[in-house]
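Just below is one structure, and these are the notes that go with it.
Residue numbers (the working numbering), protein chains in the order written: chain A, 1 to 578; chain B, 579 to 1156.
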């Protein structure tokens, strides 16, 4: 029973649900619903899907996440980066706007949901750790640029395409003569208004005496006002007849029951992209959920989050949606608006369902340029090239990873970009440990402390070479240690009689390193030099005990470097009374 | 000039070359030449090339290695594993026995040589460190099995094919009815004789009073005797007429000047295999060279070895050969026979050149079954499944890497096998660091030592949580640390006021980990808990100094854990006088 309940966090917060929480949740739901209507339509457009797919993707998925998710404030639905990934993936197997395109989007959501649920059941959420922060930051920044560029065609009223920044720009330049002035006026008008609201309205309202939170909410309602205003304009002046592209007819219905396309060929083609979308969506969602939970000293369970997000995606697959995840902007609004429990999400779903059956006729007159403009303003807040500067200052390899991710995402597309970023950060990490930091140490006079002979004033004994290894020993760096010691010995071949490896920072010795230590022991023996170890950690010692190495070792294993010094420097000093 | 000389180690050993060294080198050359004649022919057969290609691949490459290589005893030429890789690679782009097959082998040698020289010039030899010992051992064992299986068709006198073990066995079973009895008699006769010589002759000769070294050399001459005897049989009894496959006509000439096929399409197809062959050949060769050098307290320079092996392969590409590397068996024979300098290699090359122009008419009558039998006996000594047992005992992840390499090499072929082994060992290493060992520590009473509270009897203070992190902090494990601390705090939310991270084993903090520490600092601050660091290493501190993290840190950075204990436990004890 306890185990069963683990998969239904609703039993946890449901027990204590009261009228106060209900009031907070209802308020938050109204605000989030207003925000989500234009956003859902816009992201569906970005994904290359009909606008209603965005609304549908925000109803059942939210309900399922409310049932299975552990975050109290996360708002699940279509988000910018996942919509872009969807467009880029499905664009390779179907033509945008066709029925097979929409069916493939369902398949993608199904694969993504299934994969997330499996990860969650097997508690494999830690796999998301392969994505380093700089790779994520670089990817999101580059995606923001790509998304903004992809929406320019709607703002300008031209038909253009392309999956990379260069393709998009070239295509726009080719079609520069076709710019539709009225469309562009609406598009740039909305962009200017939204930026104006963001930077000017909030301070103005605050100065007029409104409290900060209310001023904040009014500013965030900007997109809703822009949608309403331009829809009214389009209807009043019959802008469709003047060539402005409108959203057009949207079915007036609740989310339909849909079946993904299960053809094996399509499933195979979409599998890898689905894995990528799942992991990127999961990482984004979990970081938002963690941040919000920490503010209220709540905890989220990453493995249960996988199940919650997986269920949401499976829900999207069967109700006309497409891949979803927890969004940053909407979750923050939900949190700030006072949402106490996932019930707020359920109420949002009801609000969107009402919108789907009542407001859709009005959406006919909504200009596409308005939606594109809201997307551009939203994603430009994701673009943050400062990660380049801060990684540059901190570490070269982190900079290389973020730079390559941005460059490759912009030039070769989102999938190649993020995949290269992951592979590169793993390889760079391994490469860093190829040449571990190894310090020759001596004793700080009068103490039991041993420090780097190049940084400190320490005592040494000519016959004793002590090396502190500042890295775990494994296949990638074992050779380096061997070469380094043999080179060092060839310099002082005749004086050194004992070599001590101080292993206080060696957390692991893998099989390759064990073999290298065995070889080294033999090589040193043949030169008449004894090999010793000191300060070997418990877990490492436990493993070494089962090997022949310790039996074959020409020297001893000392508990502390001080013991090694006491035993070896005394003996040697007698032997070399220089 | 010094830099120029670096690339020509011959200036190093050439200066002191004398008559004594000459005598030793000449003796070694005669012995190695005798060994190499049958071996070169056999490995060419294994590579799917005409027999003379093996001889040619042993002449100019040896001379070039003598000029550029740093090992005094390494014998370069065709080796079993590289021959198998060549057959498997070229078999995908050309039909064995055709002119385009031979030309593609030259291209492969050219690409391989060029790649090795480039690695050497840029001093990138450390890249070979991506191959872990278990992966190499598993790969060589599986290759030995594959090679032996691939030669069975020649021993049985049937035509069979296949690149994986199952394909080979199925193909042999299908052709079981075609077994040529006389061929099989020769083949199994040679195998039995060679195993007999190896296990029985040497002890016998020693017992008869010969010294061990001489007995060893006579035993190693087994293949030469088998070749001579079966060639005589084939000639005397006209075995060709009785259906025994012979080597046939071999051109009687010095290595010809040849040009690789430089077509871009072929170069592209062979590029990745060439990289693989280069690295595997390099790793095998360097480990042999290192072992032999250490016996005489000599050193080899891995980067210069790349140039030596690269030059040898470029030589092979232009003189009718195919990819070569330093072989284990021949190098040991060379060393044991007393070779002092690379001049021994040069003399071997002259010996083989003489053989190429004088002995080739005799080779006509050599049965292919004899060559196949010598290959089988030679490679079975490479097969050593005990690596499975020893890794199983030592560490699960090393076992997984070696098991997967063996299994995939046998079932999917050599290239997939070794590539999977490399990727797997990298991923397993990273995965191991996902959940780093983190110990909660307390003070050993009356000392300045701090140990794991679960392993030792130590003092703790309720308000102070000290965690020793036994791993570098980077993107793959930063989240784990954060989750672990927050979970620990949610258990003792009200008593803990200070958290100290003891960083004595943290060799690196990458940008992802830095961001996680910043987040953690903020989260703890909001809970009223201070975050401290202790025993941060010099290089890590150098990097942290340039960040905002240290300024934002709610607690302090203590030089030693003892200082942290002194400052925090005292204060807390006053605040919590329980």
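Cβ atoms here follow ideal geometry from the backbone N, Cα and C, with glycine treated the same way.
Around the C-beta of residue 901 (chain B), are 16 or more other C-beta atoms found within 10 angstroms, so that it is buried, or is it exposed? Burial call: buried.
Nearest candidate by alpha-carbon position, reference residue 978 (chain B), set A:476, A:510 and A:387: A:510
Taking Cβ positions only, does residue 71 (chain A) come closer than 8 Å to chain B? no
Tell me which residue opens and which closes the alpha helix (DSSP H) that residue 1030 (chain B) is part of. If you look at residue 1030 (chain B), you'll find it isn't in any alpha helix (DSSP H); it sits in the beta strand (DSSP E) that goes 1028 to 1030.
Answer with yes or no whether the minimum CB distance from residue 1092 (chain B) to chain A is below 8 Å. Residue 1092 (chain B) counts as touching chain A.
Looking at C-beta atoms only, is the number of pairs between the stretch 934 to 946 of chain B and the stretch 798 to 812 of chain B that lie closer than 8 Å three or more? Below 8 Å, enough C-beta pairs join the stretch 934 to 946 of chain B and the stretch 798 to 812 of chain B to call them touching: three or more.
Would residue 1053 (chain B) and residue 132 (chain A) qualify as a contact pair, given that the criterion is a beta-carbon distance under 8 Å? yes
Report the CB separation of residue 760 (chain B) from residue 821 (chain B) in whole angstroms; it is logged as a contact under 8 Å. That belief holds up - the Cβ atoms of residue 760 (chain B) and residue 821 (chain B) are roughly 7 Å apart, short of 8 Å.
Does DSSP put residue 24 (chain A) in a helix, in a strand, or in coil? Note: residue 24 (chain A) maps to helix in three-state DSSP.
So residue 523 (chain A) contacts chain D; which residues on that side make the cut at Cβ distance below 8 Å? Within the model displayed, chain D is absent; protein chains A and B are what it includes.
Check this for me: beta carbons of residue 726 (chain B) and residue 985 (chain B), under 8 Å apart or not? No, the pair does not count as a contact, with Cβ atoms beyond the cut-off.
Ignore the nearest five residues each way along the sequence and tell me which others in residue 1155 (chain B)'s own chain have a CB closer than 6 Å to its CB. Because the pLDDT of residue 1155 (chain B) is 30, which lies under 50, any placement of that residue in the model is unreliable, and the number read from its coordinates should be weighed accordingly. Within the same chain, no residue comes within 6 Å of residue 1155 (chain B) by CB-CB distance, once the 5 residues on both sides are set aside.
Quick check: is the beta carbon of residue 1064 (chain B) nearer than 8 Å to any beta carbon in chain A? yes
According to a CB-to-CB cut-off of less than 8 Å, which residues of the stretch 1120 to 1132 of chain B neighbour chain A? 1121, 1124 and 1125
Cut-off 6 Å between Cβ atoms - residues of its own chain near residue 85 (chain A), not counting five sequence neighbours on either side: 277 and 414
Where does residue 1149 (chain B) sit, in a helix, a strand or coil, going by DSSP? For residue 1149 (chain B), the predicted structure reports a pLDDT of 47, less than 50, and the residue's modelled location is therefore unreliable. A value from the coordinates is still provided. Correct three-state label for residue 1149 (chain B): helix.
If you measure between the beta carbons of residue 878 (chain B) and residue 648 (chain B), is that distance less than 8 Å? Contact: yes.
Segment contact, 8 Å Cβ cut-off, at least three pairs: the stretch 1053 to 1064 of chain B with the stretch 466 to 480 of chain A: no
Shorter than 8 Å from the beta carbon of residue 575 (chain A) to some beta carbon of chain B? Low per-residue confidence applies at residue 575 (chain A): pLDDT is 32, beneath 50, and the placement is therefore not dependable enough to give any value.
Using 8 Å as the Cβ pair cut-off and three pairs as the minimum, do the stretch 667 to 680 of chain B and the stretch 694 to 710 of chain B touch? no
Between the stretch 381 to 407 of chain A and chain B, which residues of the former have a C-beta closer than 7 Å to a C-beta of the latter? Going along the stretch 381 to 407 of chain A in chain order, one finds 391, 393, 394, 395 and 398 with a Cβ nearer than 7 Å to chain B.
Terminal residues of the alpha helix (DSSP H) in which residue 1015 (chain B) lies: Element bounds for residue 1015 (chain B): n/a, residue is neither H nor E.
Between the C-alpha atoms of residue 572 (chain A) and residue 557 (chain A), what's the straight-line distance to the nearest angstrom? Residue placement at residue 572 (chain A) is poorly supported in this model, since its pLDDT is 44, which falls under 50; the coordinates still yield a value, given next. So the two alpha carbons sit approximately 17 Å from each other.
For residue 800 (chain B) and residue 981 (chain B), what's the separation of their Cα atoms in angstroms? 34 Å
Determine the burial state of residue 883 (chain B): buried for a count of at least 16 other Cβ atoms within 10 Å of its Cβ, exposed for fewer. So residue 883 (chain B) ends up on the buried side.
Please classify residue 711 (chain B): does DSSP put it in a helix, a strand, or coil? helix
Leaving out the 5 sequence neighbours to the left and right, which residues in its chain are closer than 7 Å to residue 552 (chain A) when beta-carbon positions are compared? 518 and 521
Candidates B:858, B:1113 and B:589, of which the one nearest residue 995 (chain B) by Cα: B:858
Could you tell me which chain B residues have their CB closer than 8 Å to the CB of residue 432 (chain A), listed as they occur along the chain? 1086
Is the stretch 919 to 926 of chain B touching the stretch 632 to 644 of chain B in the sense that three or more CB pairs, one from each, lie closer than 8 Å? yes
So that I know if they touch, is there some Cβ in chain B lying closer than 8 Å to that of residue 538 (chain A)? yes
Which of helix, strand or coil DSSP assigns to residue 1124 (chain B): coil
If you count every other CB in all the chains shown that lies within 10 Å of the CB of residue 174 (chain A), and 16 or more means buried, which is it? The residue is exposed, with fewer than 16 neighbouring Cβ atoms inside 10 Å.
Between residue 862 (chain B) and chain A, is the shortest Cβ-Cβ distance under 8 Å, so that the two count as touching? no
Closer than 8 Å to chain A by CB, residue 1108 (chain B): Judged by the 8 Å Cβ criterion, residue 1108 (chain B) is not in contact with chain A.
Count the other CB atoms within 10 Å of the CB of residue 432 (chain A); is the residue buried (16 or more) or exposed (fewer)? buried
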